[in-house]
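Quick note: the sequence shown, position 567, residue 568 per my numbering, numbers continuous. We put the CB at the ideal spot given by N, CA and C, even for glycine. What you are looking at is a predicted structure, and each value in this text was computed from that prediction instead of being measured. What follows is a set of notes on a single structure, which appears directly below.
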Amino acid sequence: MYGKPALPADFSHLPYADPEAPKGGTMVMGESGGFDSLNPYILKGRAPFSLGAWTVETLMARSIDEPFTLYGLLAESVETDPERTWVEFTLRPEARFSDGNPVTVDDVIWSFQTLAEKGQPRYIGAWHKVQSAVQTGPRSVRFTFTEPDREMPLILGLRPVLEKAQYVGKDFAESSDAPIGSGPYVVESFSPNRFVAYSRNPDWWGKDLPFNRGLYNFDRLRTEFYADTGVVFETFKAGGLSIWREPNPARWLTNFNFPAVLSGDVVLEEIPHRRPSGMNGLVMNTRGPIFDNLHVREAMILAFDFDKINRIVTGGVEPRIGSYFDNSELGMEHGPAPGPVANLLAPYADSIPPDALDAYALPASGTPRRDRLRRAMDLLNQAGWQVENGTLMRGGQPFRFEILLPQGAGETATVADIYVQSLRSLGIQARVTTADPAQYNERVTNFDFDMTSLLRSFSLSPGNEQMLYWGSAGAMQPGSRNLMGADSPAIDAMVTALVRSETPGDFRNATRALDRLLMTGRYVIPFWYAKVSRVAYRRGFHHPARLPLYGDWPGFQPDAWWWDDGTASH
2 MYGKPALPAD FSHLPYADPE APKGGTMVMG ESGGFDSLNP YILKGRAPFS LGAWTVETLM
62 ARSIDEPFTL YGLLAESVET DPERTWVEFT LRPEARFSDG NPVTVDDVIW SFQTLAEKGQ
122 PRYIGAWHKV QSAVQTGPRS VRFTFTEPDR EMPLILGLRP VLEKAQYVGK DFAESSDAPI
182 GSGPYVVESF SPNRFVAYSR NPDWWGKDLP FNRGLYNFDR LRTEFYADTG VVFETFKAGG
242 LSIWREPNPA RWLTNFNFPA VLSGDVVLEE IPHRRPSGMN GLVMNTRGPI FDNLHVREAM
302 ILAFDFDKIN RIVTGGVEPR IGSYFDNSEL GMEHGPAPGP VANLLAPYAD SIPPDALDAY
362 ALPASGTPRR DRLRRAMDLL NQAGWQVENG TLMRGGQPFR FEILLPQGAG ETATVADIYV
422 QSLRSLGIQA RVTTADPAQY NERVTNFDFD MTSLLRSFSL SPGNEQMLYW GSAGAMQPGS
482 RNLMGADSPA IDAMVTALVR SETPGDFRNA TRALDRLLMT GRYVIPFWYA KVSRVAYRRG
542 FHHPARLPLY GDWPGFQPDA WWWDDGTASH
């Protein structure tokens, strides 16, 4: 994106991979929820989270040790002009799908177009910026763009490449079969809502690429699905799973004294990271008449007793998410917007919240409950809501809404229950509803909710995906990831400025300006974040001592881990 890659052209392996790692063994992981499809690229159904990453490849691949760098995977070379108005990829001649067929330019063009036209909405936005896709050689394809966008070559480099022949005579949008990919694993067996198992392809074309050395060491990967996170943890304790990530620091201190830990059969480790906090919280749907008012959304944030909830759920250990890019240099300053950020926001001053340019912060820790609720009630009154006989009313209708959560929501359900109790003090009638995976997915796809949980994890290289999360084009598009329904020209402009930035400074200022708009828009009630990953795993599993920039992030576990039963040199 900027500057040069960290690794030289003749690098032998990624710095966080061990090229001498032994091959073999099985890693078994657990998830709450379920799946009813093996196609992760369409709206219909719900597919296992990691299926695409383990079985399907892209033209280029991300090093999780660098924020802005991709290296060739299916593509042996990439070429672009200084303005990034076009990009040309040349495929490796040895690249093969798991069925032995070569990966062709026709597969690439068909994949990108089909994903945009029939796939998840996240693929549409970037494709609209592609003016033409032309085969320029036996293994080369050139994409010309409609507008300058420094990230577009990288975005296309990370698009999944599928085999066109698999879908001849089939409707891609309706296909629930696992895609035939070119990746290190293939789906070996599965049972909907129960498990999916993968086996390493012994004929994988890419096993000797420098980028892949030391990665994908397990012969098999298996994901088991359970009704809720409590069952997943009990299964791990009983020896049924290989690894467990503990998101809660209070449980980390109290729940890991079971026999396998005391005997050394389970290893406990805290893995640090340097990635942004992202956003984890309860998102309000601004499309409806309840949360379409800024004063109401601010009142909902004030009514959230973070200190109490954090103490109950995490033991008060974790810091609150103060912005979407907290814990990084990309996060907004909490004072007035500095000059470069203010200049970006100035053209939209009349249409954005005033404190986007002034100072803004969430309620300070330790703010008395009565002060928060008094301020919340003042805001609700300004929005036309009044308490009548103990119930908050407006126009003869009570302030009543639903918090929709998926089954197995774990601590988010606990948070929601405590929050519902707090809202009663304002005369607000809220209820928590849980739905099975299929129902939850359908309702969220159609924006059929008042409030639900939101989790957005960010890298240090945010880009066009930000338009998918909160761009106005997705405000009313079913299946969009813009759950809050943000419809702001200013947000769109900041994302555009972000992807067109030519220097790290310009990029940082645009991201901070975007962060200000998202925070002052009061779309989400933020929870907390962790600066470490707390991981428990069976003795015999190992990872390299050299940790990547992003810590225990997809791309590190399970990719760089291995099994050592004591017979290998490790």
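Looking at G367: is its Cβ nearer than 8 Å to the Cβ of D308? In contact: G367 and D308 (Cβ atoms closer than 8 Å).
Distance, Cα to Cα, L358 vs Q387? Cα to Cα, L358 sits roughly 31 Å from Q387.
Would you call E389 buried or exposed, if buried means 16 or more other Cβ atoms sit within 10 Å of its Cβ? E389 should be labelled exposed.
For my contact list, L346 and A491 are in at a C-beta cut-off of 8 Å; report their separation, rounded to the angstrom. Indeed, because the Cβ distance is near 7 Å, the residues count as touching under 8 Å.
If you compare alpha carbons, which of G317, G323 and G385 is closest to I291? For the residues G317, G323 and G385, the minimum Cα distance to I291 belongs to G385.
At the level of alpha carbons, what is the spacing between D266 and D82? Between the alpha carbons of D266 and D82 lies a gap of roughly 54 Å.
With DSSP collapsed to three states, give me the class of H543. In the structure shown, H543 adopts extended strand secondary structure according to DSSP, grouped into three states.
Name the residue from A561, T137, Y530 and H296 whose alpha carbon lies nearest to the alpha carbon of T287. For the residues A561, T137, Y530 and H296, the minimum Cα distance to T287 belongs to H296.
Is there contact here, the stretch 198-210 with the stretch 546-566, by at least three beta-carbon pairs under 8 Å? Output reads no: the stretch 546-566 does not touch the stretch 198-210.
So, is G428 buried or exposed, given that buried needs 16 or more other C-beta atoms within 10 angstroms? Residue environment analysis places G428 among the buried positions, since at least 16 neighbouring C-beta atoms fall within 10 angstroms of its C-beta.
Are there 16 or more other CB atoms within 10 angstroms of the CB of P545, so buried, or fewer, so exposed? It is buried - the Cβ of P545 has at least 16 other Cβ atoms within 10 Å.
Nearest by alpha-carbon distance to R395: which of P23, H335, S534 and L381 is it? For R395, the closest alpha carbon among the candidates P23, H335, S534 and L381 is that of L381.
Is the beta carbon of I181 less than 8 Å from the beta carbon of G556? The criterion of a C-beta distance shorter than 8 Å is not satisfied by I181 and G556.
Is DSSP giving A134 helix, strand or coil here? Reduced to three states, the DSSP call for A134 is strand.
For N344, count neighbouring Cβ atoms within 10 angstroms of its own Cβ and tell me buried if that reaches 16, exposed if not. Residue environment for N344: exposed (fewer than 16 other C-beta atoms within 10 angstroms of its C-beta).
Where N281 falls: helix, strand or coil (DSSP): Three-state DSSP puts N281 in a strand.
Report yes if the C-beta distance between M280 and L455 is below 8 Å; otherwise report no. Their beta carbons are under 8 Å apart, which means M280 touches L455 by this criterion.
Rounded to whole angstroms, what's the CA-CA distance from I110 to A134? Just pull it up for me. C-alpha of I110 to C-alpha of A134: approximately 7 Å in a straight line.
Is A569 helix, strand or coil when you go by DSSP? Because the pLDDT of A569 is 48, which lies under 50, any placement of that residue in the model is unreliable, and the number read from its coordinates should be weighed accordingly. A569 falls in the coil class under three-state DSSP.
With a CB to CB cut of under 8 Å and the five nearest residues on each side skipped, what residues in its chain are close to T236? The answer, listed in chain order, is G31, E225, Y227 and L242.
Going by beta-carbon coordinates alone, are P41 and S481 separated by less than 8 Å? No, they are not a contact pair.
Would you kindly report the start and end of the unbroken alpha helix (DSSP H) that includes A343? Going by DSSP, A343 is part of the alpha helix (DSSP H) stretching over G340 to L346.
When you measure from the CB of M2 to every non-hydrogen atom of the ligand SAM, does any distance come out below 7 Å? Because no ligand of any kind appears in the structure shown, any question about the ligand SAM cannot be addressed here.
Look at the alpha carbon of S78 and the alpha carbon of D108, and state the distance between them as a whole number of angstroms. Distance between the alpha carbons of S78 and D108 is about 17 Å.
Taking the beta strand (DSSP E) that S78 belongs to, which residues open and close that run? Counting along the chain, the beta strand (DSSP E) containing S78 begins and ends at A76 to T81.
Do you know whose CA, among A239, I244, R214 and G411, lies nearest R572's CA? The structure shown does not extend to residue 572, since the chain spans only 2 to 571, so no value can be given for it.
What separation, rounded to the nearest whole angstrom, lies between the Cα atoms of I156 and S502? Each residue's Cα considered, the two are about 15 Å apart.
G35 - DSSP class collapsed to helix/strand/coil: Here G35 sits in coil by DSSP.
Just checking, does the stretch 184-192 make contact with the stretch 164-174 on the three C-beta pairs under 8 Å criterion? Note that the stretch 184-192 does not touch the stretch 164-174; fewer than 3 beta-carbon pairs, one per stretch, sit closer than 8 Å.
Express the C-alpha separation of D11 and T91 in angstroms, rounding to a whole number. The alpha-carbon separation between T91 and D11 amounts to approximately 18 Å.
Inside the stretch 164-236 only - beta strand (DSSP E) runs reaching at least 3 residues: Note on the stretch 164-236: whole beta strand (DSSP E) runs with a minimum of 3 residues are 186-192, 196-201 and 221-227, in chain order.
What do you reckon, are the CB atoms on I526 and G282 nearer than 8 Å? Yes; because the gap between Cβ atoms is below 8 Å, this pair is in contact.
Which residue wins for smallest C-alpha separation from S423, given the options S324, F450, F305 and S462? Distances from the alpha-carbon of S423 to those of S324, F450, F305 and S462 put F305 closest.
For R401 and T497, I'd like the C-alpha separation in whole angstroms. Going by the C-alpha atoms only, they are around 37 Å apart.
Assess contact between the stretch 249-259 and the stretch 316-331, defined as three or more Cβ pairs (one per stretch) separated by less than 8 Å. Is contact present? Short answer: they touch.
Backbone CA spacing between A569 and F542 [nearest angstrom]: Note that A569 scores a pLDDT of 48, beneath 50, so its modelled location is shaky; the value from the coordinates is reported in the next line. If you draw a straight line from the Cα of A569 to the Cα of F542, it is about 12 Å long.
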